[in-house]
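Number of protein chains: 2
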Amino acid sequence: MTKINKAACVGGGVIGGAWAARFLLAGIDVSMYDPHPEATRIVGEVLANAERAYGMLTMAPLPPRGTLSFAKSIEEAVQDADWIQESVPERLELKRGVLTQIDAAASPSALIGSSTSGLMPTDLQRDMKHPERFFVAHPYNPVYLLPLVELVGGQKTSKETITKAKELAATIGMEGVVIAKEIEAFVGDRLLEALWREALWLIQDDICDTETLDNVIRYSFGMRWAQMGLFETYRIAGGEAGMRHFLAQFGPCLQWPWTKFTDVVDLDDALVDKIGSQSDAQSGAYGIRELERIRDENLVGIMQALKGGNGGKGWGAGKLLADFESRLWANAGKLPVDTGAAKPLRLLDVKVNPSWADYNGHMTEFRYLQVFGDTSDALLRLIGVDDAYVKDGHSYYTVETHIRHLGEAKVNEALYSTCQVLSVDEKRIHVFHTIHRAADDETIATAEQMLLHVDAKAGKAAPAPESVLSKVKAIAEAHATLPKPEAAGRHVGQKK
Amino acid sequence: MTKINKAACVGGGVIGGAWAARFLLAGIDVSMYDPHPEATRIVGEVLANAERAYGMLTMAPLPPRGTLSFAKSIEEAVQDADWIQESVPERLELKRGVLTQIDAAASPSALIGSSTSGLMPTDLQRDMKHPERFFVAHPYNPVYLLPLVELVGGQKTSKETITKAKELAATIGMEGVVIAKEIEAFVGDRLLEALWREALWLIQDDICDTETLDNVIRYSFGMRWAQMGLFETYRIAGGEAGMRHFLAQFGPCLQWPWTKFTDVVDLDDALVDKIGSQSDAQSGAYGIRELERIRDENLVGIMQALKGGNGGKGWGAGKLLADFESRLWANAGKLPVDTGAAKPLRLLDVKVNPSWADYNGHMTEFRYLQVFGDTSDALLRLIGVDDAYVKDGHSYYTVETHIRHLGEAKVNEALYSTCQVLSVDEKRIHVFHTIHRAADDETIATAEQMLLHVDAKAGKAAPAPESVLSKVKAIAEAHATLPKPEAAGRHVGQKK
Numbered sequence: 058m059t060k061i062n063k064a065a066c067v068g069g070g071v072i073g074g075a076w077a078a079r080f081l082l083a084g085i086d087v088s089m090y091d092p093h094p095e096a097t098r099i100v101g102e103v104l105a106n107a108e109r110a111y112g113m114l115t116m117a118p119l120p121p122r123g124t125l126s127f128a129k130s131i132e133e134a135v136q137d138a139d140w141i142q143e144s145v146p147e148r149l150e151l152k153r154g155v156l157t158q159i160d161a162a163a164s165p166s167a168l169i170g171s172s173t174s175g176l177m178p179t180d181l182q183r184d185m186k187h188p189e190r191f192f193v194a195h196p197y198n199p200v201y202l203l204p205l206v207e208l209v210g211g212q213k214t215s216k217e218t219i220t221k222a223k224e225l226a227a228t229i230g231m232e233g234v235v236i237a238k239e240i241e242a243f244v245g246d247r248l249l250e251a252l253w254r255e256a257l258w259l260i261q262d263d264i265c266d267t268e269t270l271d272n273v274i275r276y277s278f279g280m281r282w283a284q285m286g287l288f289e290t291y292r293i294a295g296g297e298a299g300m301r302h303f304l305a306q307f308g309p310c311l312q313w314p315w316t317k318f319t320d321v322v323d324l325d326d327a328l329v330d331k332i333g334s335q336s337d338a339q340s341g342a343y344g345i346r347e348l349e350r351i352r353d354e355n356l357v358g359i360m361q362a363l364k365g366g367n368g369g370k371g372w373g374a375g376k377l378l379a380d381f382e383s384r385l386w387a388n389a390g391k392l393p394v395d396t397g398a399a400k401p402l403r404l405l406d407v408k409v410n411p412s413w414a415d416y417n418g419h420m421t422e423f424r425y426l427q428v429f430g431d432t433s434d435a436l437l438r439l440i441g442v443d444d445a446y447v448k449d450g451h452s453y454y455t456v457e458t459h460i461r462h463l464g465e466a467k468v469n470e471a472l473y474s475t476c477q478v479l480s481v482d483e484k485r486i487h488v489f490h491t492i493h494r495a496a497d498d499e500t501i502a503t504a505e506q507m508l509l510h511v512d513a514k515a516g517k518a519a520p521a522p523e524s525v526l527s528k529v530k531a532i533a534e535a536h537a538t539l540p541k542p543e544a545a546g547r548h549v550g551q552k553k
Numbered sequence: 058m059t060k061i062n063k064a065a066c067v068g069g070g071v072i073g074g075a076w077a078a079r080f081l082l083a084g085i086d087v088s089m090y091d092p093h094p095e096a097t098r099i100v101g102e103v104l105a106n107a108e109r110a111y112g113m114l115t116m117a118p119l120p121p122r123g124t125l126s127f128a129k130s131i132e133e134a135v136q137d138a139d140w141i142q143e144s145v146p147e148r149l150e151l152k153r154g155v156l157t158q159i160d161a162a163a164s165p166s167a168l169i170g171s172s173t174s175g176l177m178p179t180d181l182q183r184d185m186k187h188p189e190r191f192f193v194a195h196p197y198n199p200v201y202l203l204p205l206v207e208l209v210g211g212q213k214t215s216k217e218t219i220t221k222a223k224e225l226a227a228t229i230g231m232e233g234v235v236i237a238k239e240i241e242a243f244v245g246d247r248l249l250e251a252l253w254r255e256a257l258w259l260i261q262d263d264i265c266d267t268e269t270l271d272n273v274i275r276y277s278f279g280m281r282w283a284q285m286g287l288f289e290t291y292r293i294a295g296g297e298a299g300m301r302h303f304l305a306q307f308g309p310c311l312q313w314p315w316t317k318f319t320d321v322v323d324l325d326d327a328l329v330d331k332i333g334s335q336s337d338a339q340s341g342a343y344g345i346r347e348l349e350r351i352r353d354e355n356l357v358g359i360m361q362a363l364k365g366g367n368g369g370k371g372w373g374a375g376k377l378l379a380d381f382e383s384r385l386w387a388n389a390g391k392l393p394v395d396t397g398a399a400k401p402l403r404l405l406d407v408k409v410n411p412s413w414a415d416y417n418g419h420m421t422e423f424r425y426l427q428v429f430g431d432t433s434d435a436l437l438r439l440i441g442v443d444d445a446y447v448k449d450g451h452s453y454y455t456v457e458t459h460i461r462h463l464g465e466a467k468v469n470e471a472l473y474s475t476c477q478v479l480s481v482d483e484k485r486i487h488v489f490h491t492i493h494r495a496a497d498d499e500t501i502a503t504a505e506q507m508l509l510h511v512d513a514k515a516g517k518a519a520p521a522p523e524s525v526l527s528k529v530k531a532i533a534e535a536h537a538t539l540p541k542p543e544a545a546g547r548h549v550g551q552k553k
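Residue numbers (this note's numbering), protein chains in the order written: chain S, 58 to 553; chain C, 58 to 553.
Structure representation (structure tokens):
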């Protein structure tokens, strides 16, 4: 099994709904079971958030969305599913009962993951007939965007199960991080809990308020951790002398305060109220939906920035995003693009990411060229100039572009781009791209581009091979009957 | 005092050196005292890193760099300084002695900040004659990039001192976050310490290795915290029911594990060695300088992404960056740009940020238009079309662009751009921009652009006011004697 054909989600709250969104947006059908009377609404809202975020996250072609169905029972939901994800409330007896029921009804080869953030897999799998295929798959909110899933096996979990789960997680854009030994709360929530306990003391003792504490985190180590985590950051702090030097310095220096903060704070009504009031003062100007939206936009922006990191090779979650996009592009040849029709090719669908906006909330000038450049890349992939071709040493480079701005794209607006091939010779492809607003098909901008086939190592133009030429010529022939766009062949400032 | 005229840095290691870099790059002269035999080299290296990072961080015009001098004594260093920053090793007696010496030699109106990450300001200011102007100013590594400085006063610190320190920190791009009460390790290091202690247990007990732990952080809550911190993130987790609901749910659920992790781990030789080996396996493929470089590039990318966030209004550290850039632009009119000379205006200096790179390590196509667009913005600011003008409802929009790619810009390469004004009428400015490689002045790309003056509210072209026209016409007249660029007025694919 190298891909998930059908997934089942048992429990459809914010976590289960976001799992469903991950599967659906990766083209996988999902059967959902949740007896909650509002399950359909909740899952629908999470899915809408996820679709919006993915539209901004990537210009790689998502496969046709999977089909979501709501089952009337656990037994019905898990039929034919090869990944079943349990996300019911965090009570051992409840979870164990649901999992045992899933186990009895599912195919013995199906993987069963639990979203528990704290319970031990050994306890959860106790009553299963096929416990070897059960594991904890603990995700982080928002599950449709954050790529982490902690994979934790119990005493009866097989190694093959964890290996397979890690492989399959990558197909939905997640990194399965394997935790070596099971403990309550695993790794992420242990770390969160320690810091959270300390934070509560700081608020309780009036050292700072919640906004100050958040600012301390987000203006400093939050950004360090977003890309490198804890140990790699401290490795740098150790300098040339390295990690051992850092520990030697840091250990004794912190010994003294360490002996103090080991008490557990009493989260009584007064403290709850204090935190609630401070949080209102800090964030109350935004509604929760608005904060969710801003959070998702920021996460998208961070992942996109990290995707370009390390000299274009990607870093951290940005590397994971690049890997996910490679998979999407590799599957894109299977998508129905009619290259033989006498009409411009529709090549990209994209939502305007808020980090692309200027102060007016309009798409910034240079992002238009990003969409046009990605449109050319999509055309090139279609004619066989894919990652492997480029790695092999040849590519098409853009040598000229003429852009006209005819309208304005706003934040979160859905756009699509089309491409008309004007002419082809053995070295050059002459194209005319258009960015349309999806809502009314109106033209927002056009770009005429000249692409030149190059031998990248020699740094010189070179004829394209017949395998590529034949494909692009077929498109050019189909487009030959189209009228030449009025704006093609014009220079800047030319009168109509 | 609304700006720092001269700063003194006592202690020039990684922290003190980076403070110096912050001051110098904000145009402030720095006098440094450090008896370490290699102080000059260390400070020089940190300054080089900082300059590289700032080149990528912003296209806003940094003022001419301040002058760095090395003093032979503390007394000499602090002469005439209005901000004195102490960054000597973390020992109370040493720091108190140095601070008392600074206090005796400095002007009584000078602010004195300490970089201590743990000592109490009351203890440090004990022997000062003018303790009211002393405070802790605790920064985070890398100090030249991370904008946080924790401001903590002691019993004798005046409120005015903290207010003034906060104001002045903003002028060097830092956010002074005021901690209400002094405690050892303040806020940030308390939080770090709690999580660090937990992390050591997880490694000690073989629950995971250092790489797994770092991945857990950076693929999940690291990215959440980079933009919102802890409480705002959890506020969202509480959903519509809010923060109090979250606490009610989360409190009892974590009560049980809370009672466990309160032991302090013994950081003995075996654990130090284990962490050292795991860290080598995780990060050993990169040297420390390389990791530093990657970290800085990633931080720049994250801050730039957050600068565009919240629909272009900025968020978190990105908002701080936007504020800092506004200050830089507001001061830019004072920079010497000779608008009367018969030569293209040199308007921007920039280094190619690695997050701008494609898989080949070359600057991605659309980033060229970013540099060209920022070049137009710089021209507009020069003729009075600044933030205030735009907020007032008028602006110039780009309606057409013709780009030619003549060379390739590589990651970290220094570039500059020039602008020739081709013609002006009451609504239009016709410009020709060139991107040059700084090393050899070679032309990498050109862009011909047509800018149209608009009434943004009406969404229509409108004549520019005389105040703007007179300035741009003066430039156009000076440029009238220049030959028209060969590439101007050409369309895509036009033969020479």
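Yeah, the Cβ is synthetic: ideal placement off N, Cα and C, and Gly gets one too.
Delimiting residues of the alpha helix (DSSP H) encompassing residue i
i, result
"VAL447 (chain C)", "444-448"
"ARG79 (chain S)", "71-82"
"ARG281 (chain S)", "278-294"
"GLY245 (chain C)", "245-261"
"ALA533 (chain S)", "523-536"
Unbroken beta strand (DSSP E) run spanning residue i, endpoints
i, result
"THR491 (chain C)", "485-494"
"VAL206 (chain S)", "205-209"
"TRP386 (chain S)", "Element bounds for TRP386 (chain S): not the beta strand (DSSP E) but the alpha helix (DSSP H), 374-387."
Residue i in three-state terms, based on DSSP
i, result
"PRO411 (chain S)", "helix"
"GLY101 (chain S)", "helix"
"TRP315 (chain S)", "In this prediction, TRP315 (chain S) scores a pLDDT of 47, lower than 50, which makes its location untrustworthy; no coordinate-derived value is stated."
"HIS459 (chain S)", "strand"
"PRO196 (chain S)", "strand"
"GLN212 (chain S)", "coil"
"GLN361 (chain C)", "helix"
"GLN182 (chain C)", "coil"
"GLU422 (chain S)", "helix"
"GLU143 (chain S)", "strand"
"ALA399 (chain C)", "coil"
Contact under 9 Å by Cβ, residue i with residue j
i, j, result
"HIS493 (chain S)", "THR500 (chain S)", "yes"
"ALA65 (chain S)", "VAL87 (chain S)", "yes"
"ILE440 (chain C)", "ALA504 (chain C)", "no"
"GLY211 (chain C)", "PRO188 (chain C)", "yes"
"GLU457 (chain C)", "VAL488 (chain S)", "no"
"ARG275 (chain C)", "TRP282 (chain S)", "yes"
"LEU168 (chain S)", "LYS152 (chain S)", "no"
Expected contact under 8 Å - CB spacing of residue i and residue j to nearest Å
i, j, result
"GLU143 (chain C)", "SER172 (chain C)", "7 Å"
"ALA495 (chain S)", "LEU472 (chain S)", "6 Å"
"ARG292 (chain S)", "SER130 (chain C)", "Going by Cβ atoms, the distance from ARG292 (chain S) to SER130 (chain C) rounds to 36 Å, so no, they are not a contact pair."
beta-carbon residue i near the ligand NAP non-hydrogen atom, thresh 8 Å
i, result
"HIS187 (chain C)", "The ligand NAP is not among the ligands present in this structure, which contains no ligands whatsoever."
Segment contact flag, the stretch 351-366 of chain C with the stretch 191-209 of chain C, C-beta cutoff 8 Å, min 3 pairs: Result yes; three or more Cβ-Cβ pairs closer than 8 Å.
Contact the stretch 231-241 of chain C vs the stretch 231-240 of chain S: 3+ CB pairs below 8 Å: no
The stretch 376-396 of chain C contacting the stretch 473-484 of chain C, beta-carbon criterion three pairs below 8 Å: Contact between the stretch 376-396 of chain C and the stretch 473-484 of chain C is not established, with fewer than three Cβ pairs separated by less than 8 Å.
The stretch 417-429 of chain C touching the stretch 443-454 of chain C, judged by at least three CB pairs closer than 8 Å: no
contact_flag[the stretch 133-143 of chain S, the stretch 358-376 of chain S] where n(CB pairs < 8 Å) is 3 or more: no
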